Amino acid sequence: MSRPGRDDSPDRLYTLTGGRAHATPDSPFDLVTLVVAECDPTTGMQSEHAAILRLTRLPTAVVELAAELKLPVSITKILLGDLLAAGRVSARHPRKAAVPDPDVLEQVLVGLRNL
Amino acid sequence: MDSATSEAAVEAAARTPLGATADNGLKIVVVGGFGVGKTTLVRSVSEIRPLNTEETMTQAGEHIDDISEVRGKTATTVAFDFGRITLDARNVLYLFGAPGQERFWFLWDRLFSGTLGAVVLVDTRRIDDSWYAIDRLEHHGTPFIVACNDFGGPTYAPSRIRDALDLDPQVPLVDCDARSRASGKQVLITLVEHVRNTYAPQASLREQELTR
Ligand SMILES: Nc1nc2c(ncn2[C@@H]2O[C@H](COP(=O)(O)OP(=O)(O)OP(=O)(O)O)[C@@H](O)[C@H]2O)c(=O)[nH]1
Ligand SMILES: [Mg+2]
Numbered sequence: 041m042s043r044p045g046r047d048d049s050p051d052r053l054y055t056l057t058g059g060r061a062h063a064t065p066d067s068p069f070d071l072v073t074l075v076v077a078e079c080d081p082t083t084g085m086q087s088e089h090a091a092i093l094r095l096t097r098l099p100t101a102v103v104e105l106a107a108e109l110k111l112p113v114s115i116t117k118i119l120l121g122d123l124l125a126a127g128r129v130s131a132r133h134p135r136k137a138a139v140p141d142p143d144v145l146e147q148v149l150v151g152l153r154n155l
Numbered sequence: 173m174d175s176a177t178s179e180a181a182v183e184a185a186a187r188t189p190l191g192a193t194a195d196n197g198l199k200i201v202v203v204g205g206f207g208v209g210k211t212t213l214v215r216s217v218s219e220i221r222p223l224n225t226e227e228t229m230t231q232a233g234e235h236i237d238d239i240s241e242v243r244g245k246t247a248t249t250v251a252f253d254f255g256r257i258t259l260d261a262r263n264v265l266y267l268f269g270a271p272g273q274e275r276f277w278f279l280w281d282r283l284f285s286g287t288l289g290a291v292v293l294v295d296t297r298r299i300d301d302s303w304y305a306i307d308r309l310e311h312h313g314t315p316f317i318v319a320c321n322d323f324g325g326p327t328y329a330p331s332r333i334r335d336a337l338d339l340d341p342q343v344p345l346v347d348c349d350a351r352s353r354a355s356g357k358q359v360l361i362t363l364v365e366h367v368r369n370t371y372a373p374q375a376s377l378r379e380q381e382l383t384r
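Protein sequences, first through last, are from chains A and B.
First residue of the first sequence: 41, per my numbering; consecutive thereafter.
First residue of the second sequence: 173, per my numbering; consecutive thereafter.
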């Protein structure tokens, strides 16, 4: 299995993101944030942006997008940040809390037992 | 069918998309030494073929804008694999197989921050390989269980394994066969029950405060 990003020169990744090598620390995206397209890809759109919009017709996690696009997660987050800022995708972030919600833990257990 | 639609159809067929109502991603991490069966466990329980991706992490936690720094020593690329379990219409669980190489482990608590808990997979023939993972999890306060993966080696009494790992009596210790879906499922259930028990006092305290 070829790992994403391996064959990509840093220069290609650099160009892809307009010189931003890393998602800023305050990137709103988590590995498991679910991303949903709010519009269709248009002609002339950056091909990675168009690919993201096709992949997110149904909710898709950031980490799955990175794997499908064969791009490092950090680069994927930058591309997603652009689309989010333009209103082209929406983001369903994990419900973060210092202590996990007991109701969610129960739902996880029910889901696992039903496997 | 025009080319755009057929392209989309091919993509949809190759992937198993989530339902439209999915809105809460959850994480569980599988850690352990090199070759203990982390990827095998993820594959056994995942509804998708495990995928592989990588993240570039900066070591001191600072963020870097300058590509020259990415080429330098400050960035480490961490590859990991993951699988997915749809729990219900809203919740979807992602299982991450952490990299086996120890030199990456100082990064994984940041990489997998917000995880519900961790499974430490142990090969009883190489128990020492798990010390580091357990140490990191205790340090980080992440709830975890220990699962001994059956490689056909000698079986030890649980008490001996607990001693060898210097395991807190609260931490569940189970046997598993990472190749078996039923066994992998039981490992995950044991972990989530442990997570629930770990947080139960805090959760009920919070409830009391809310109702006061
Ligand atoms: N006998 C036996 N073999 C297993 C079991 N689980 C995994 N294996 C085998 O052990 C080898 C390593 O398993 P992996 O799942 O790749 O281990 P890993 O922890 O992901 O390895 P790294 O990512 O390289 O650290 C593979 O050949 C598996 O088929 C098990 O429960 N019993
Ligand atoms: Mg592996």
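Glycine residues also receive a C-beta, built at the ideal position from the N, C-alpha and C atoms.
The model shown is predicted, which means the values in this text are computed figures rather than measured ones.
DSSP places ASP295 (chain B) inside the beta strand (DSSP E), whose first and last residues are 289-295.
At a cut-off of 8 Å, the C-beta of ARG282 (chain B) has no neighbouring C-beta in chain A. Bridge pairing for ALA101 (chain A): A:LEU74 [DSSP]. The Cβ atoms of ILE317 (chain B) and THR287 (chain B) lie no closer than 8 Å to each other.
Between LEU345 (chain B) and PRO326 (chain B), the C-beta spacing is not below 8 Å.
A Cβ-Cβ separation of about 18 Å leaves PRO142 (chain A) out of contact with GLY197 (chain B) under the 8 Å criterion.
Distances between the C-beta of GLY204 (chain B) and the heavy atoms of ligand 2 are all 7 Å or more. A check of alpha carbon separations from LEU74 (chain A) across B:GLY205, B:ASP195, B:VAL214 identifies B:ASP195 as the nearest.
Distance from the C-beta of ALA350 (chain B) to the nearest heavy atom of ligand 1 is below 7 Å.
A distance below 8 Å separates the beta carbons of THR96 (chain A) and ALA77 (chain A). Where ARG351 (chain B) is concerned, there is no enclosing alpha helix (DSSP H), because DSSP gives it neither an H nor an E. Apart from sequence neighbours up to five positions away, the residues of its chain that approach PHE323 (chain B) with a beta-carbon distance below 6 Å are ASP295, ordered along the chain.
Exclusion of LYS117 (chain A) from the 7 Å shell around ligand 1 follows from its C-beta lying no nearer than that to any non-hydrogen atom of the ligand. Counting along the chain, the unbroken alpha helix (DSSP H) around ARG332 (chain B) starts and ends at 330-337. Interface criterion met: the Cβ of PRO112 (chain A) is under 8 Å from a Cβ in chain B.
Close to chain A, meaning a Cβ-Cβ distance shorter than 7 Å, is no residue of the region 332-346 of chain B at all. Per DSSP, the unbroken beta strand (DSSP E) holding ALA131 (chain A) starts and ends at 129-132.
Ordered along the chain, residues surrounding ligand 2 are B:LYS210, B:THR211, B:ASP253, B:GLY269, B:GLY272 [Cβ under 7 Å from any heavy atom]. Counted as a single uninterrupted DSSP element, the beta strand (DSSP E) harbouring ASP253 (chain B) occupies residues 247-258.
Beta-bridge pairing by DSSP links ALA319 (chain B) to B:LEU293, B:VAL346.
In the three-state scheme derived from DSSP, where H, G and I count as helix and E and B as strand, GLY325 (chain B) is classed as coil. Just measuring C-alpha positions, the residue of B:SER216, B:THR248, B:VAL214 sitting nearest THR230 (chain B) is B:THR248. Any Cβ of chain B closer than 8 Å to the Cβ of ASP122 (chain A) would place that residue at the interface, and such an atom is absent. With fewer than 16 neighbouring CB atoms inside 10 Å of its own CB, LYS136 (chain A) falls in the exposed class. Within the region 194-213 of chain B, the residues whose Cβ lies closer than 8 Å to any Cβ of chain A are, in chain order, ALA194, ASP195, ASN196, GLY197, LEU198, LYS199. With a cut-off of 8 Å on Cβ pairs, the region 101-113 of chain A is not in contact with the region 139-153 of chain A, counting fewer than three such pairs. Under the DSSP definition of a beta bridge, ILE200 (chain B) partners with B:LEU267, B:GLY289. Distance from the C-beta of GLY207 (chain B) to the nearest heavy atom of ligand 1 is below 7 Å. GLU146 (chain A) and PHE268 (chain B) have their C-alpha atoms some 21 Å from each other.
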